[in-house]
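Heads up: the sequence shown begins at 2 in my numbering, then just goes up one per residue. For every residue, glycine included, the Cβ atom is placed at its ideal position computed from N, Cα and C. For reference, the structure discussed in these notes is given below.
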Amino acid sequence: MPFETISVVGLGYIGLPTAAVFASRKKKVIGIDVSQKTVDTINRGEVHIVEPDLDMVVHAVVTEGYLRATLNPEPADAFLIAVPTPFKGDHEPDLSYIESASKSIAPVLKRGDLVILESTSPVGATEQMAAWLAEARPDLTFPQSHGEESDIRVAHCPERVLPGHVLRELVQNDRVIGGMTSKCSELAVKLYKTFVEGECVITNARTAEMCKLTENSFRDVNIAFANELSIICDKLDINVWELIRLANRHPRVNILQPGPGVGGHCIAVDPWFIVSQTPEQARLIRTAREVNDSKPEWVIEKVKLAVADFLLANPDKTAKDVTIACFGLAFKPDIDDLRESPAVAIAKKIALLYPCSVLAVEPNIKELPVGLEACFALKTVEQALFEADLLLLLVDHEEFRAIPSDRLSSRIFIDTRGIWGF
Ligand code: SAJ
2 MPFETISVVG
12 LGYIGLPTAA
22 VFASRKKKVI
32 GIDVSQKTVD
42 TINRGEVHIV
52 EPDLDMVVHA
62 VVTEGYLRAT
72 LNPEPADAFL
82 IAVPTPFKGD
92 HEPDLSYIES
102 ASKSIAPVLK
112 RGDLVILEST
122 SPVGATEQMA
132 AWLAEARPDL
142 TFPQSHGEES
152 DIRVAHCPER
162 VLPGHVLREL
172 VQNDRVIGGM
182 TSKCSELAVK
192 LYKTFVEGEC
202 VITNARTAEM
212 CKLTENSFRD
222 VNIAFANELS
232 IICDKLDINV
242 WELIRLANRH
252 PRVNILQPGP
262 GVGGHCIAVD
272 PWFIVSQTPE
282 QARLIRTARE
292 VNDSKPEWVI
302 EKVKLAVADF
312 LLANPDKTAK
322 DVTIACFGLA
332 FKPDIDDLRE
342 SPAVAIAKKI
352 ALLYPCSVLA
362 VEPNIKELPV
372 GLEACFALKT
382 VEQALFEADL
392 LLLLVDHEEF
402 RAIPSDRLSS
412 RIFIDTRGIW
422 GF
């Protein structure tokens, strides 16, 4: 039977759920990670990341012996590389994690193995990975030199799951399968069909790479449109959320929602991969990034104006007497993930501008992470409503939607998400 043993390299937000889902289909899965702490946590049947139901699945598959984590690669029939691809200071993609992952599995590769790159990658990264593998294993043949006759099959199959819905989307979403040759694609489809219920659609590796970048750039450009509209509407004294609701009644218009900026680990990063490869051509994609990246600064300017208004209305007070409550720190609603969050960046900047005057409300966390506790105090919704002079809504968490409008009607607030306006 093909794929007795599957190895997943990189046990993060994508690698661990993928490993767990293969293992839940009774495949023997070896998870590889460079962090001893991550390896130990998983081998105890626990998880180091927050994703609904993942803890349950990992606990079950580790206990049943289908998933085991280790630092050192071991032989397997298929290798999935799911390591980070951040960008460097100049927005150039950093492929060093892919390089070291491929070099680490190269010694254990054998004839007939399949290597899949899952990490979001600039166009050409799969070919580059195959080149690193070939360099490390001159005794084996690869698709770039031997086509359909190669010993090793190589494909790019990007993940496309939405944080918060990873386990469901892994199974249900269609999957783009970009083999370096047709046989590479066919073998990769066989592997994913272990658990994918969506369609596995075959293309080549470069198109698959570009497809993932395109999806996230499409969303970034559309969010930028909404963010730009919100700035225009503010100038023209129009409620942007009402405007969008009205415009979206047109059968061919579907505008996304403005916010305080774009966060997360994908949408604010992936478009830069296109821009850095084709800087002359990717004008709209670059501008969208700039529009979204500048939105936090616009929100901060709004806060400064609101503080100035408050002081005008309360001449006995100084900036030190103003208490500002930031509602929400996560990068999007109803999750606890604070990484790459525009809300955190805004709250930190406001805390710098108005020291000792800033409170944060984040119902999805129990305590502030190291570094943030020095900037502001974590409060409940009730405490913040009681203590603050100015309310700044940054994330549309369900707890904030539930605040009755009569408790806000006489308050000074800035709502970057449009949930307190109506
Ligand atoms: N956002 C808005 N307005 C909107 C929608 C989103 O301001 O109307 C903001 C969110 O608040 C957040 C950011 O955009 O700060 C990104 O959130 P998201 O929910 O759009 O996306 P992610 O980063 O959680 O996941 C995306 C998804 N890509 C697409 O929807 C095209 C997911 O399917 C990808 O797998 C994931 O990126 C990834 O890993 O690339």
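Coarse secondary structure for residue i, derived from DSSP in three states
{"i": "Cys212", "result": "helix"}
{"i": "His157", "result": "strand"}
{"i": "Pro94", "result": "strand"}
{"i": "Asp390", "result": "coil"}
{"i": "Ser8", "result": "strand"}
{"i": "Lys38", "result": "helix"}
{"i": "Phe143", "result": "coil"}
{"i": "Ile15", "result": "coil"}
{"i": "Leu117", "result": "Note that residue 117 is Ile in the sequence shown, not Leu. Of the three classes helix, strand and coil, the one that applies to Ile117 here is strand, per DSSP."}
{"i": "Val190", "result": "helix"}
{"i": "Phe196", "result": "coil"}
{"i": "Gly46", "result": "coil"}
{"i": "Glu75", "result": "coil"}
{"i": "Ser151", "result": "coil"}
{"i": "Val263", "result": "coil"}
{"i": "Leu163", "result": "coil"}
{"i": "Asn255", "result": "coil"}
{"i": "Pro3", "result": "coil"}
{"i": "Lys1", "result": "Since the first residue shown for the chain is 2 and the last is 423, residue 1 is missing from the structure and cannot be characterised."}
{"i": "Ser122", "result": "coil"}
{"i": "Val51", "result": "coil"}
Residue span of the beta strand (DSSP E) that contains residue i, given as start and end
{"i": "Val270", "result": "Looking at the DSSP string, Val270 is not in any beta strand (DSSP E), and its letter there is neither H nor E."}
{"i": "Ile420", "result": "No beta strand (DSSP E) contains Ile420, which DSSP labels as neither H nor E."}
{"i": "Ala137", "result": "Here Ala137 belongs to no beta strand (DSSP E); instead the alpha helix (DSSP H) covers 126-137."}
{"i": "Val362", "result": "359-362"}
Integer-rounded CB distance, given that residue j should sit under 8 Å from residue i
{"i": "Ser342", "j": "Phe332", "result": "4 Å"}
{"i": "Asp114", "j": "Glu5", "result": "Not quite, the Cβ-Cβ distance comes to about 12 Å (not below 8 Å), so this is no contact."}
{"i": "Val59", "j": "Leu72", "result": "No, Val59 and Leu72 are not in contact; Cβ-Cβ is about 18 Å, not under 8 Å."}
{"i": "Asn249", "j": "Lys296", "result": "So it is not a contact: roughly 21 Å between Cβ atoms."}
{"i": "Gly199", "j": "Gln173", "result": "6 Å"}
{"i": "Glu400", "j": "Val382", "result": "6 Å"}
{"i": "Ala83", "j": "Glu128", "result": "About 19 Å; that fails the 8 Å criterion."}
{"i": "Val177", "j": "Cys212", "result": "5 Å"}
{"i": "Val222", "j": "Ala289", "result": "4 Å"}
{"i": "Leu330", "j": "Ala352", "result": "Not really, about 12 Å apart at Cβ, beyond 8 Å."}
{"i": "Asp271", "j": "Thr121", "result": "6 Å"}
{"i": "Asp359", "j": "Ile336", "result": "Reading off the sequence, residue 359 comes out as Val, not Asp. Not confirmed; about 22 Å, so no contact."}
{"i": "Leu134", "j": "Val116", "result": "7 Å"}
{"i": "Ile415", "j": "Leu393", "result": "5 Å"}
{"i": "Phe311", "j": "Val323", "result": "6 Å"}
{"i": "Lys111", "j": "Pro76", "result": "6 Å"}
{"i": "Val22", "j": "Leu230", "result": "No, Val22 and Leu230 are not in contact; Cβ-Cβ is about 39 Å, not under 8 Å."}
{"i": "Ala20", "j": "Leu12", "result": "7 Å"}
Strand pairing of residue i, partner residues [DSSP]
{"i": "Asn205", "result": "Gly180"}
{"i": "Arg250", "result": "Note: Arg250 sits in no beta bridge, so no partner."}
{"i": "Arg69", "result": "Ile31"}
{"i": "Phe23", "result": "According to DSSP, Phe23 bridges with nothing at all."}
{"i": "Ile415", "result": "Leu393"}
{"i": "Leu81", "result": "Val9, Ile117"}
{"i": "Phe88", "result": "Pro94"}
Span of the alpha helix (DSSP H), counted from its first residue to its last, around residue i
{"i": "Gln173", "result": "167-173"}
{"i": "Ile239", "result": "Taken as a continuous stretch (DSSP letters only), Ile239 belongs to no alpha helix (DSSP H), as it is neither H nor E."}
{"i": "Ile351", "result": "343-354"}
{"i": "Ala283", "result": "Unbroken run through Ala283: none, as it is neither H nor E."}
{"i": "Leu55", "result": "55-64"}
### Query
Going along the chain, which unbroken runs of the alpha helix (DSSP H) with 4 or more residues stay wholly within the stretch 298-339?
none
### Task
Run through the stretch 365-412 for me and flag every whole alpha helix (DSSP H) of 4 or more residues, listed as ranges in chain order.
382-388, 399-402
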